[in-house]
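Below is one structure; the comments refer to it alone.
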Amino acid sequence: MTARFPLDGVRVADFTWVGAGPFLTKPLADHGADVIKVESRTRTDPIRSMAPFRDGRPGVNRSGYFANRNSSKRSICLDLKTARGKDLALELIAQSDIVASNFTPGTMDRLGLGYKEALAVRPDVIYLEMPMQGNAGPHRDFRGYGLTIAAAGGLLGLTGHPDRPPVGTGTNYPDHVPNPLHAAVAVLAALRRRRRTGESQYIELAQLESTTNVIGPALLAAAAGAGVHRAANEDAAAAPHGVYPCQGEDRWCAVTVFTDDQWQALVKVLGNPAWAADPTYATAAGRHTARKELDEHLAGATVAHQAAELANTLCAAGVAAAAVSDAAQVLADEQLNARDHWKALDHPEMGRSVYDNIPYRLSATPGRLRGPAPVLGADTRDVCLNLLGLAPDEYEHLAAEGVVG
Amino acid sequence: MTATVTALPLDDIRVIDLSNGLGTYTGRLFADLGADVIKIEPPSGAPERTTPPLTPQGTSVFFAFTEAGKRSITLDGTATEQAEQLERLLDTAHILLTSEGPSRLHQRGIHPEDVTRRHPGLIHVSVSPYGLTGPWADRPACDLTLLAAGGLLALAGEADLPPVRAWGNQTSIIAGLHAATAALMAVLALEETGQGQIVDVSAQEAVAHSLENAVQYVDLENTVRRRAGSGPREAGTGLFACLDGWIYLVGGLGGLPLAWDAITQWLESGGLKDAADLRDPRWQQRDWRRSDEGVQTFRDLFERFAAPRTKQDLYEDGQRRGISIAPVSTPSDLLASPQLAGRAFFRQIAVGDEVLTFPGSPYRFERLDVAPGRFPAWPGIDTRAVMDALPEAADTASGSQGVAP
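From first to last, the protein sequence lines stand for chains X and S.
One gets the working numbering by counting positions in the first sequence from 1 and adding 27 to each.
One gets the working numbering by counting positions in the second sequence from 1 and adding 66 to each.
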């Protein structure tokens, strides 16, 4: 018998799509929840059409961007614009503990699948929506994506070199970290409360509000009159603290020194170069004041080293350091592989392909990537017949009309 | 209102928070949701209390942000006496939160295997730089080196400059969010079975889980993504300078020109010379929009249009025309945001002698006051209240049961 999952018996009616929502329901699915992804054949999830694709050939069942966010889930296709399609969705909600969506405000209401309708069929439902700006407010109907939310939410503007335009993380960071994971925390906390009270819960996660929390300390500082600005890789007190060039093309090592002991260890690893004897560098305050010239000295010294070897030597000497790994290097990374961070799953159209494993382990009730991302509509028939109570001939009839399938 | 109606999601959950900066956001999330989070500080105070940047009164804005809503206690007496006090506290707790590597936890007598053996009903949430296992488990680390080792750093920055880190100790947010998600699943299991467990969260893995599609690009298309400044190079999309900063515009994405007509009309209505050029059919071609000439031609046009306009004007005007545009907000812009102000998002919380402005919680629970709480003004402010309420040592000797009845 396999170990039980912490979310065994929990069902999620998953109306989320694109970036943020699916990364919320993924950890639930990987820990045992029956996540049923409600999709449309005519308006497919845009991320199914986003690169990369297996062998570079586009197709709704070939995107790695989609696949990695949708492991362990089932997919059904319903035409929610039809009365029967909507009824089936409501029946799914009636049999679900959690309903999640990340459409623009009012969309679920217009579809007849809003919180009120959900409550009518499932009085203890946990119902989460993830509007960009919130369900109310003067900018309620403003639209956006992960990139624009990073800009509006403040992270983009604070990230980069002070004398250059800001750069941000180079990713749709709000879609990968704050918005899906804050949402996961919220629905799990609500589930815990429901077990004690039996009560339903409506949760609104405004993506702008969620994302501003990742720069929360900057808001405190600004309101108190203490400016916070782009500072590249500098730390407010420690130096050296940056990335330094190493042997090879575009290879770098991150090196950080917080204490005098670490400074002395770094100097020793570098072979006691003459410049390091400058007494200015003997104290943290001196190093921080002289950090620009220190960076230049250090860059001149690290370039003779191979990045991973330098990081190994520095870490062994007690100095926090790491080679700057690109995606190919993290895939081959010794530590990540020792922890089975990458997981190859067999997908019907994509073949064997790489997924992120769960970045944590629960010792007694561990999760597991239970299956690859579902092919579009793979589970429609099974769910309609075995969960939503359709008779086979009724299903065939609705399939012929394009309501299901 | 009855107590049931106002019960917070994590009422009656007790967390003993022994974390440092890496794990502390997890406790903050739990505190907002109603858990009793007790931070144990050394009598001299956690070193993070004075980590810059500081408010005018000398409080670390990072510490203020992450500790709001927690209680603070200090332990006294000999090391043995302190260890006994910790054991008594753990007898009353559901969760222990730590964020150091395995050797250090062993030294402190709080390795998760030992803790959960002594307290079978306790969840030990161990956030650590590289996880509890593997060859790098005890490497020294910090935010910058973990972003490097997890692959996020390599995606950020201008191609002609070193990779650059996201502002604000994001590894603490990334790892902290995964840890909170995992901890809540363990709480659900605990309250069902009475069984505690170890939750082993690797910050490196959590970062590697945040690389968007970069790993899948390597796996499926044998392509290694490189840092590319503030976003994709395509006419109509990216960062554009305006009167008081920058805006982020998404006018073309994934090969689809979004709202191109609306952008064209907008520029024309502003009387911009040559705006009509955007009606040329070549702008419908992805190859042209991605050409250096296409990118530069659009940039010149748009920045001439934007030069006399503020980001807030461009944001509101563009959005009303259905264009995906966002301001690159500074923290001060966010504090003045009509949307956030209109939704009463910010909270005023006393931190020592100052009243600081906090962003509200990342989510809103209907009917419940989920929000950041009181800040522990000094180390040990709650020692008496917490320790006096502990059961006598004799009572706990009969067995250590972490689960509250």
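Each residue gets a CB set at the ideal place from its N, CA and C atoms; glycine is no exception.
Since residue 315/S contacts residue 304/S with CB under 8 Å, what's their CB separation in whole angstroms?
Sure, about 7 Å apart at Cβ, within 8 Å.
Leaving out five residues on either side along the sequence, give the residues of the same chain with a beta carbon under 8 Å from the beta carbon of residue 414/S.
421, 422, 423 and 424
Taking the beta strand (DSSP E) that residue 416/S belongs to, which residues open and close that run?
Start and end: 413-417.
What distance in whole Å lies between the Cβ atoms of residue 238/S and residue 194/S, which are believed to be in contact at a cut-off of 8 Å?
Incorrect: roughly 12 Å between the Cβ atoms, too far for contact.
Where does residue 470/S land, buried or exposed, given buried means 16+ other C-beta within 10 angstroms?
For residue 470/S, the pLDDT reaches just 37, beneath the cut-off of 50, and the residue's location in the model is therefore unreliable, although a value from the coordinates is still provided. Its Cβ having fewer than 16 others within 10 Å, residue 470/S is exposed.
Which of the three DSSP states is assigned to residue 169/X in this structure?
Three-state DSSP puts residue 169/X in coil, outside helix and strand.
What residues in its chain sit with their C-beta under 7 Å from that of residue 271/X, if we drop five residues either side in the sequence?
Cβ neighbours of residue 271/X beyond the five flanking positions: 279, 280, 282, 325, 326 and 329.
Is it buried or exposed, residue 290/X, if we count other Cβ atoms within 10 angstroms and call 16 or more buried?
With a 10 Å radius around the Cβ and a threshold of 16 neighbouring Cβ atoms, residue 290/X comes out buried.
Quick one: residues in its chain with C-beta nearer than 8 Å to the C-beta of residue 123/X, no 5 flanking neighbours on either side, listed in chain order?
These residues qualify, in order along the chain: 38, 39, 40, 63, 149 and 152.
Residues of the stretch 331-353 of chain X in Cβ contact with chain S at a cutoff of 7 Å, in chain order, please.
Residues 342, 345, 346, 347, 348, 349, 350, 351, 352 and 353.
Look at the Cβ atom of residue 80/S, then the Cβ atom of residue 160/S, and state whether they are nearer than 9 Å.
yes
Name the chain X residues that come within less than 8 Å of residue 108/S, Cβ to Cβ?
Here the premise fails: no neighbours, minimum Cβ distance about 17 Å.
Leaving out the 5 sequence neighbours to the left and right, which residues in its chain are closer than 6 Å to residue 368/X when beta-carbon positions are compared?
384
Measure the beta-carbon distance from residue 223/S to residue 353/X and round it to whole angstroms, keeping in mind my assumption that it falls under 8 Å.
So it is not a contact: roughly 12 Å between Cβ atoms.
Can you find at least 3 beta carbon pairs, one from the stretch 131-141 of chain S and one from the stretch 173-186 of chain S, that sit closer than 8 Å?
no
For residue 311/S and chain X, any beta-carbon pair shorter than 9 Å?
yes
Is it true that the CB of residue 220/X sits closer than 9 Å to the CB of residue 95/S?
no
Relative to chain S, which residues along the stretch 136-166 of chain X have a C-beta separation below 7 Å, given in chain order?
Going along the stretch 136-166 of chain X in chain order, one finds 160, 161, 163, 164, 165 and 166 with a Cβ nearer than 7 Å to chain S.
For a cutoff of 9 Å on Cβ pairs, would you count residue 169/S as touching chain X?
no
Which chain X residues are close to residue 293/S, counting only those with a beta carbon under 7 Å from its beta carbon?
197
Look up residue 280/X in the DSSP assignment and give the residues it is bridged to.
Per DSSP, the beta-bridge partners of residue 280/X are 271/X and 350/X.
Kindly indicate if chain X contains any beta-carbon less than 9 Å away from that of residue 90/S.
no
Where does residue 424/X fall in DSSP's three states?
helix
Please report the residue range of the alpha helix (DSSP H) in which residue 223/X lies.
205-224
Would residue 371/S pass as an interface residue toward chain X - the criterion being a Cβ-Cβ separation below 9 Å?
Not an interface residue.
Going by the beta-carbon positions, is the gap between residue 245/X and residue 185/X smaller than 9 Å?
yes
Which one of 279/S, 265/S and 210/S has the shortest CA to CA distance from residue 197/X?
Closest option to residue 197/X, judged by alpha-carbon separation, among 279/S, 265/S and 210/S: 279/S.
Where residue 134/X and residue 182/S are concerned, what is the direct C-alpha to C-alpha distance, given to the nearest angstrom?
46 Å
Taking the C-alpha atoms as reference points, what is the distance between residue 176/X and residue 385/S?
13 Å
Who are the near neighbours of residue 139/X in its chain, counting only those whose CB is closer than 6 Å to its CB and skipping five residues on each side?
113
Is residue 466/S helix, strand or coil when you go by DSSP?
Here residue 466/S scores only 42 on pLDDT, less than 50, and its place in the model is too uncertain to base an answer on.
Measure the CB-CB distance between residue 315/X and residue 265/X and report whether it falls below 9 Å.
yes
Can you tell me where the alpha helix (DSSP H) with residue 261/S in it begins and where it stops?
It is not in any alpha helix (DSSP H) - residue 261/S carries neither H nor E in the DSSP assignment.
With which residues is residue 314/S paired in a DSSP beta bridge?
305/S and 392/S
Residue 374/S to residue 329/S, Cα distance in whole Å?
17 Å
If you measure from the beta carbon of residue 262/S to each beta carbon in chain X, is any gap under 9 Å?
yes
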